[in-house]
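Here is the structure we will look at.
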Amino acid sequence: MENNKICPGCGVMLPNKNIEFSDQYNASGECIQLYHELSANLIMSPDVTFPTQHAVDAYGAQHSGSRVKNIRTAFSLIGLYLAVERECTGRQVQHAHMEIAKRNIKWSPFILPIRPYALSVADVLSVVEVKRNEMLMEWSKNVWDTWENYHEWTKNICKNYLKNF
17 MENNKICPGC GVMLPNKNIE FSDQYNASGE CIQLYHELSA NLIMSPDVTF
67 PTQHAVDAYG AQHSGSRVKN IRTAFSLIGL YLAVERECTG RQVQHAHMEI
117 AKRNIKWSPF ILPIRPYALS VADVLSVVEV KRNEMLMEWS KNVWDTWENY
167 HEWTKNICKN YLKNF
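Numbering (this note's numbering), first residue to last: 17 to 181.
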C-alpha cells in the first residue's frame, strides 16, 4: 500500500486513506474529503458575503477533467473571473450563476491548463481560521491565473450574458 496519493486535479500529495476517487470531480477521495471539510467550515461562518462560493469555483475549475460536466467548469471560471478580476463577493457570484443558469447555453469541452497549480484546498485548510478567507482568495487567484487561456472567453461570456456585472 502506498503512503501517499496524488490528486489528479490539483496535484496535491496527501496521505493515502484508500478513499475512492470522486465521481463528480477529477479528484482523489482524499482531496474531496478536504474540500468537504473546508466547505463545512465556511458554511458555518456567519460571513454574509458567502465565501463558500469562491471555494466551490476554485475547486471546480481546479478539478475539471473528463468526468466533470462542462457547465461546472464554465461556472467555475465565471465565478473566479468575477471574484478575482471584478472583486465580487461570493453572494454576488452566486447571483451571477443564477442569471446565467436561466439561459440555455451548450458549453463546449474545455482544454485543461498545462501549468501546475501552486495552491490547493489543503493550503486553505492549513492556515488559521482568521486568515482562511485571505488564503481562499489567494487560491482562487492562483486557479484563475492557471486558466489564463480562458480569460478572454470568460470575460466575453460575462459581457454577453450578465447585465449587472
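Where is the CB? At the ideal position from N, CA and C, for every residue including glycine. Predicted model, so just to flag it, every value in this text is computed and none were measured.
Going by the DSSP bridge assignment, what does LEU30 pair with across the sheet?
Within the sequence shown, numbered from 1, the residue matching residue 30 stands at position 14. According to DSSP, which records beta bridges pairwise, LEU30 is partnered with LYS21.
Can you confirm whether the segment 96 to 111 touches the segment 127 to 145 when touching is taken to mean that 3 or more C-beta pairs between the two stretches lie within less than 8 angstroms?
Cβ pair count under 8 angstroms is below three, so no.
Indicate the three-state DSSP secondary structure (helix, strand or coil) for TYR133 in the structure shown.
One-based indexing of the sequence shown puts residue 133 at position 117. Of the three classes helix, strand and coil, the one that applies to TYR133 here is coil, per DSSP.
Close Cβ partners of VAL159 (< 7 angstroms) along its chain, the five nearest in sequence each way excluded:
Walking along the sequence shown from the start, residue 159 turns up at place 143. Once the five neighbours on either side are set aside, the close Cβ partners of VAL159 are ALA74, ALA77, GLN78, LEU96, TYR133.
Using a Cβ-Cβ cut-off of 7 angstroms (strictly less than) and excluding sequence neighbours within five positions of GLU164, which residues of its own chain qualify?
If you number the sequence shown from 1, residue 164 lands on position 148. So no residue of the chain qualifies.
Alpha carbon of PRO129 to alpha carbon of SER61, nearest angstrom:
Start at 1 with the first residue of the sequence shown, and residue 129 comes out as number 113. Start at 1 with the first residue of the sequence shown, and residue 61 comes out as number 45. Straight across, the Cα-Cα distance linking PRO129 with SER61 is about 32 angstroms.
How long is the line joining the alpha carbons of GLU168 and ARG148, rounded to whole angstroms?
Sequence index remark: in the sequence shown, residue 168 carries index 152 (1-based). Sequence index remark: in the sequence shown, residue 148 carries index 132 (1-based). Spanning the alpha carbons of GLU168 and ARG148 requires a straight line of approximately 29 angstroms.
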